[in-house]
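Novice: The numbers in the working numbering rise by one with no breaks, and the one at position 246 of the sequence shown is 238.
Can you read through this structure? Questions will come right after.
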Amino acid sequence: MRKPMVAGNWKMHGHRATNATLLDAIVRGLPTGIDAAVYVPFPYLEQVSALLATTPLTWGAQTLQAAPSGAYTGEVSAQMLVEFACRSVLVGHSERRALFGETDAQIAAKFVAAQAAGLQPVLCVGETLAQREAGQTEAVVASQLQAVIEAAGVEALSHSVLAYEPVWAIGTGQTASPAQAQAVHAFLRQQVSRLAPEVALGLRILYGGSVKANNAAALFAMADVDGGLIGGASLVAEEFLAICAAAAHTR
Ligand code: 13P
-7 MRKPMVAGNW KMHGHRATNA TLLDAIVRGL PTGIDAAVYV PFPYLEQVSA
43 LLATTPLTWG AQTLQAAPSG AYTGEVSAQM LVEFACRSVL VGHSERRALF
93 GETDAQIAAK FVAAQAAGLQ PVLCVGETLA QREAGQTEAV VASQLQAVIE
143 AAGVEALSHS VLAYEPVWAI GTGQTASPAQ AQAVHAFLRQ QVSRLAPEVA
193 LGLRILYGGS VKANNAAALF AMADVDGGLI GGASLVAEEF LAICAAAAHT
243 R
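This is how it looks when you write it as structure tokens:
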């Protein structure tokens, strides 16, 4: 019922020459039956939009500025992303929260600005290891989600995607177990369901954090895991394609 989605977050990686090779290989091997997307650094949006325009692989940016224009040196607005035919944008990635000090309020404003421009936000939530060990996982992800629901309204989630990315699993090779991922995904869906059951039913919740070809199928087999947000493995065509294939086979 929910179409699986596999999203590659390139983070600050890429080169003009290798981007073309990587994307060409991905497009050739992409299975049907899933939504696949890549989130690339801003300078590559023009190249990526040209390379992917006639393909089923969609693209987006990794963050945006909530303000529409103005004196925001270094920032990029939602409308600018639309000019490069982005369909969606990552919002609230843990690296943005931790390294660039983005607050729940700023992230909620970015979510609203993205939607106002017609972009689908992919809202990332997740707890640190210290928070998990202190038993705060549910409280942390609930408050990250709640900030967006308060700003945008629960119905806005039906035009978005949620991504659960436990900080301790990102780039560490330490994946959440399928049961750990499922527990948090089910909790997140239930948080939405209390307010809007239909929105919750249709909401895709991706898992991110050291997803690889060899663990994707077990994660995607979980009832509330609707695909993945992939970092390192999205930079290797065979790995990314194997993860896409795993997603295509789970439904
Ligand atoms: P890794 O897959 O490299 O752990 O990164 C996950 C992530 O942060 C995707 O947004």
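Think of the CB as a built atom: it goes at the ideal place given N, C-alpha and C, for glycine as much as any other residue.
1) If you drop the 5 nearest sequence neighbours on each side, which residues of the same chain put their C-beta closer than 6 Å to that of valine 153?
2) Using a Cβ-Cβ cutoff of less than 6 Å, which residues in the same chain neighbour glycine 21 once the five nearest sequence positions on both sides are dropped?
3) Using the DSSP secondary-structure output, state which residues sit across from proline 48 in a beta bridge.
4) Would methionine -3 and leucine 198 qualify as a contact pair, given that the criterion is a beta-carbon distance under 8 Å?
5) Alpha carbon to alpha carbon, how far is valine 191 from serine 185? Give it in angstroms, no decimals.
6) Is there contact here, the segment 153 to 167 with the segment 93 to 103, by at least three beta-carbon pairs under 8 Å?
7) Helix, strand or coil for aspartate 16? Go by DSSP, reduced to three states.
8) For asparagine 11, does the count of other Cβ atoms within 10 angstroms reach 16, so buried, or fall short, so exposed?
9) Mapping DSSP to helix, strand and coil, what is tyrosine 78?
10) Just the C-alpha distance for proline 33 and glutamine 39, rounded to the nearest angstrom, thanks.
11) Going by beta carbon distance, what residues of the same chain come within less than 7 Å of isoleucine 18, once the five residues before and after it are set aside?
12) Of all the options Leu14, Leu111, Ala59, His85, which has the alpha carbon lying nearest to the alpha carbon of glutamate 75?
13) DSSP three-state label for methionine -7, please.
14) Can you list, in chain order, the residues of its chain with a C-beta nearer than 7 Å to that of cysteine 236? Leave out the 5 residues immediately preceding and following it.
15) Quick check on tyrosine 36: does DSSP put it in helix, strand or coil?
16) Residues in its own chain within less than 8 Å of proline 170 by CB, not counting five upstream and five downstream?
17) Quick check on this structure: which residue in Ala168, Glu147, Ala42 has the alpha carbon closest to the alpha carbon of asparagine 207?
18) According to DSSP, which residues form a beta bridge with serine 69?
19) Are the C-beta atoms of arginine 8 and some chain D residue less than 8 Å apart?
20) What are the boundary residues of the alpha helix (DSSP H) that proline 170 is part of?
21) Mind checking whether leucine 73 and valine 83 have CB atoms under 8 Å apart?
22) Could you please give the first and the last residue of the uninterrupted alpha helix (DSSP H) stretch that includes aspartate 96?
23) Output yes or no for whether 8 Å exceeds the beta carbon distance between arginine 88 and threonine 47.
Specialist: This is what the structure holds:
1) Val114, Arg196
2) Leu233
3) Note: proline 48 sits in no beta bridge, so no partner.
4) yes
5) 7 Å
6) no
7) helix
8) buried
9) For the record, residue 78 in the displayed sequence is cysteine; it is not tyrosine. Reduced to three states, the DSSP call for cysteine 78 is coil.
10) 11 Å
11) Leu49, Ala229, Phe232, Leu233
12) Leu111
13) coil
14) Val(-2), Leu22, Pro23, Ile26, Ala28
15) helix
16) Ala210, Leu211, Ala213, Met214, Val217
17) Ala168
18) Gln57
19) Given the protein chain composition of this structure (a single chain), no chain D is represented.
20) 170 to 185
21) no
22) 96 to 108
23) no
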